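The structure under discussion appears below in the form of structure tokens.
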Amino acid sequence: MTLLFALLATIAVVCGILMVVQENPVRSALFLVLVMFSLALLYLTLNAAFIAAVQVVVYAGAIMVLFIFVIMLLNLGTPEAMPNKLKPQTLLGIFAGLILVGVLVSMLAGAHSKDSADLSTTAPLTRGFVGASEIGMTLFDPSKPWLFPFEVVSILLLVAAVGAVMLAKKRI
Amino acid sequence: MFPSVVPSVSLNSYLILSAILFTIGVTGVLIKRNPIIIFMCVELMLNAVNLTLVAFSRYQSTVDQTTGLPPAHAINGQMMVIFVMAVAAAEVSVGLGILVSIFRNRTSINVDEIDLMKG
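This is how it looks when you write it as structure tokens:
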């Protein structure tokens, strides 16, 4: 299990770095797909079967298709010849990123949970995979707080669909 | 029901992986000039947060003593992941629509050349 986690984590981090380093947006998109897949497998190691399936369908499927489609539509597949005005910002950005990861990791390394059990030794819950039925029963249970956010998200998605069509119209 | 898999990986490992992925996303947003790659980095940050939510929902530290089952609120982290995914999908569709709209009016969409609001 530890070996599986190490393998998946390495794939995710390496592909994430390669995604940022690439100049070509199509290659970046393909590395992002690899990150999404390794994250889906990590969700499976956390017994979240439904989330893993949704991750593959929504992120690695729908959202990445949208990205590739826009890259092709805007003809951005070739690297630019324009001078990069952001060159001095690059080093600064990498430096800020290193500081951020240092702070986060050092905080997590010394973190303790409320009941003073060390987070690094917390035992996971033992139970079966959380599938679609558990998620659905919780989502549509009126005594739980998730029904109203569900309705709000439906309106949000409608607004986003209408807004995307409006923005991409010929004349704006 | 599938048999339950007991991982020997600690919660901290998942949190540190998530922090590293989040930082890669932040760095990408800071240093890239192609707005499509910037959107991908934002997606990476959202995914890192989703990983923390799922990990926390898995490692809830209290188990019901009488039944031995996890508490009923242990699934709440996964519910939040569902909503984060929905919001991320909406954000990407609107953002890419804006990019297409900018590309119609200007030839380049690089973020260092879009400076109309600079004053």
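Residue numbers (this note's numbering), protein chains in the order written: chain A, 256 to 427; chain B, 1361 to 1479.
Heads up, the beta-carbon is just placed ideally off N, CA and C, and yes, glycines get one too.
All values derive from a computational prediction rather than experimental measurement.
Using a threshold of 8 Å, state whether the C-beta atoms of residue i and residue j are closer than that.
{"i": "A415(A)", "j": "V1441(B)", "result": "no"}
{"i": "I318(A)", "j": "I1391(B)", "result": "no"}
{"i": "N302(A)", "j": "V385(A)", "result": "yes"}
{"i": "L1459(B)", "j": "I1469(B)", "result": "yes"}
{"i": "F260(A)", "j": "V1369(B)", "result": "yes"}
{"i": "S1461(B)", "j": "I1435(B)", "result": "no"}
{"i": "V1409(B)", "j": "C1401(B)", "result": "no"}
{"i": "Y298(A)", "j": "A307(A)", "result": "yes"}
{"i": "A1450(B)", "j": "E1403(B)", "result": "no"}
{"i": "N1543(B)", "j": "L1375(B)", "result": "Chain B is shown from 1361 up to 1479; residue 1543(B) falls before or after that span and cannot be answered."}
{"i": "L263(A)", "j": "L289(A)", "result": "no"}
{"i": "A1379(B)", "j": "V360(A)", "result": "yes"}
{"i": "F1443(B)", "j": "P400(A)", "result": "no"}
{"i": "I323(A)", "j": "A267(A)", "result": "no"}
Could you give the C-beta distance for residue i and residue j, rounded to a whole number, given that I count them as a contact under 8 Å?
{"i": "P1431(B)", "j": "Q1420(B)", "result": "6 Å"}
{"i": "V325(A)", "j": "L1456(B)", "result": "5 Å"}
{"i": "L1411(B)", "j": "L1377(B)", "result": "7 Å"}
{"i": "V1386(B)", "j": "L412(A)", "result": "Not quite, the Cβ-Cβ distance comes to about 27 Å (not below 8 Å), so this is no contact."}
{"i": "M1445(B)", "j": "V320(A)", "result": "Not a contact, Cβ separation roughly 15 Å."}
What's the call for residue i, buried or exposed, on a 16-neighbour Cβ count within 10 Å?
{"i": "S293(A)", "result": "buried"}
{"i": "F305(A)", "result": "buried"}
{"i": "T1383(B)", "result": "buried"}
{"i": "N330(A)", "result": "exposed"}
{"i": "M327(A)", "result": "exposed"}
{"i": "L1413(B)", "result": "buried"}
{"i": "G357(A)", "result": "exposed"}
{"i": "A364(A)", "result": "exposed"}
{"i": "E1473(B)", "result": "exposed"}
{"i": "M1405(B)", "result": "buried"}
{"i": "Y1465(B)", "result": "Note on residue identity: the sequence assigns Asn, not Tyr, to residue 1465(B). N1465(B) is exposed by the Cβ-count criterion."}
{"i": "G391(A)", "result": "exposed"}
{"i": "V420(A)", "result": "exposed"}
{"i": "M256(A)", "result": "exposed"}
{"i": "V275(A)", "result": "buried"}
{"i": "A423(A)", "result": "buried"}
{"i": "V1452(B)", "result": "buried"}
{"i": "K425(A)", "result": "exposed"}
Less than 8 Å between CB atoms is the rule here; does residue i satisfy it with respect to chain D?
{"i": "M1405(B)", "result": "Any reference to chain D falls outside this structure, whose protein chains are A and B."}
Residues within the segment 1390-1401 of chain B neighbouring chain A, beta-carbon criterion of under 8 Å
L1390, I1391, K1392, R1393, N1394, I1396, I1397, F1399, M1400, C1401
Chain-ordered residues of the segment 279-296 of chain A with a beta carbon less than 8 Å from chain B
P280, S283, A284, L287, V290, M291, L294
What are the residues in the segment 314-327 of chain A lying within 8 Å of chain B by C-beta distance?
Y314, A317, I318, L321, F322, V325, I326
Taking contact to mean 3 or more Cβ pairs, one atom from each stretch, closer than 8 Å, check whether the segment 278-286 of chain A and the segment 1394-1409 of chain B are in contact.
yes
Against chain A, which members of the segment 1464-1479 of chain B pass a CB distance test of less than 9 Å?
R1464, N1465, S1468, I1469, N1470, V1471, D1472, E1473
Going along the chain, which residues of the segment 1445-1457 of chain B sit with their C-beta nearer than 8 Å to a C-beta in chain A?
M1445, A1446, V1447, A1448, A1449, A1450, E1451, V1452, S1453, V1454, L1456, G1457
Closer than 7 Å, Cβ to Cβ, to anything on chain B: give me those residues from the segment 346-360 of chain A, in chain order.
G348, I349, A351, G352, L355, V356, L359, V360
What residues in the segment 1372-1392 of chain B bring their beta carbon closer than 8 Å to a beta carbon of chain A?
N1372, S1373, Y1374, L1375, I1376, L1377, A1379, I1380, L1381, F1382, T1383, I1384, G1385, V1386, T1387, G1388, L1390, I1391, K1392
Interface positions of the segment 395-408 of chain A facing chain B (Cβ-Cβ less than 7 Å), listed along the chain:
W401, P404, V408
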